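For the sequence shown, my numbering gives the first residue as 1, with consecutive numbering after it.
In this text, a Cβ means the ideal position worked out from N, Cα and C, and glycines have one as well.
Just so you know, these numbers come straight off a predicted model, no measurement behind them.
Report on the structure given below.
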Amino acid sequence: MFLIFGDKGSGAFSAEAALAEAGAPYDFRTISLEKNEQRSPEFLAINPSGKMPAVRLPEGQILTESLAILLTVADHFPNARLLPPQASPERGSAYRWLAFMAAEIYPMVEISDYPERFAPKGDQSDALRQKARERIRDRLSIVERQVAGPWFLAGGFSILDIYAAMFSRWRGSIGKDWLAAGHIPNLLALAKSVSQRERIGPVWERHFAN
Ligand SMILES: N[C@@H](CCC(=O)N[C@@H](CS)C(=O)NCC(=O)O)C(=O)O
């Protein structure tokens, strides 16, 4: 049994969606962001950086970092074909864009959501949040142009779709008005398709229905 540590609507969605898609047995332990439980001694013992998701593998190993978790789930369940064939050109593209989202988008989410960690509260943290939002929008626009349609990769569904759908859904970090203005139609269509997948649908509903 896999055990996911995380909260609804957080990066834990990506871990749960990948496990659900693979048909893996898992449990979900809620770590409340609202109550700041990611900073509790118990959770810091699991992930010293105080970030979710974390996953305990059936053999007991703890994994953190959403990208590491997604790749590990893909490795554990090769028959689920969560990645293109090994050493294929598409596999390289998959790594490229997974790394891009993990490295170029995810860190900006922390700045957008918690700007006062990086600048004095008030005008400076407000300005910083605005800059982080602009960077997320710019990076999402780059990802938007990579979407083959209907899925991210021409070869079909993969963990890229789960990851890209999640980032496109974080309205608070991106800004609702920008999302509604039609800048990323491919990504929003992809997210809709992800939300309608048989095994991911209920997971999406639990994390993002609001
Ligand atoms: N590099 C980490 C980033 C994870 C991350 O930022 N998670 C957010 C939730 S979506 C979090 O735990 N935020 C709580 C905090 O920063 O205090 C990963 O890819 O897993």
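For residue 186 and residue 178, the gap between their C-alpha atoms comes out near 15 Å. The C-beta distance from residue 54 to residue 63 rounds to 7 Å, short enough to meet the 8 Å contact threshold. The C-beta distance from residue 66 to residue 24 rounds to 16 Å, too long to meet the 8 Å contact threshold. Here residue 14 is buried, its C-beta having at least 16 other C-beta atoms within 10 Å. In the displayed model, residue 33 falls within coil according to three-state DSSP, outside both helix and strand. Sequence-distant Cβ neighbours of residue 193 in its own chain, meaning closer than 6 Å and more than five residues away, are 150. Between residue 158 and residue 94, the CB-CB gap stays under 7 Å. Contiguous beta strand (DSSP E) elements confined to the stretch 48-112 occur at 54-56 and 62-64, taking only those with 3 or more residues.
In this structure residue 57 is not in contact with residue 5, their Cβ atoms being roughly 12 Å apart against a cut-off of 8 Å. Annotation: the continuous alpha helix (DSSP H) that includes residue 128 extends over 123-144.
Look at residue 26 here: in three-state DSSP terms it is strand.
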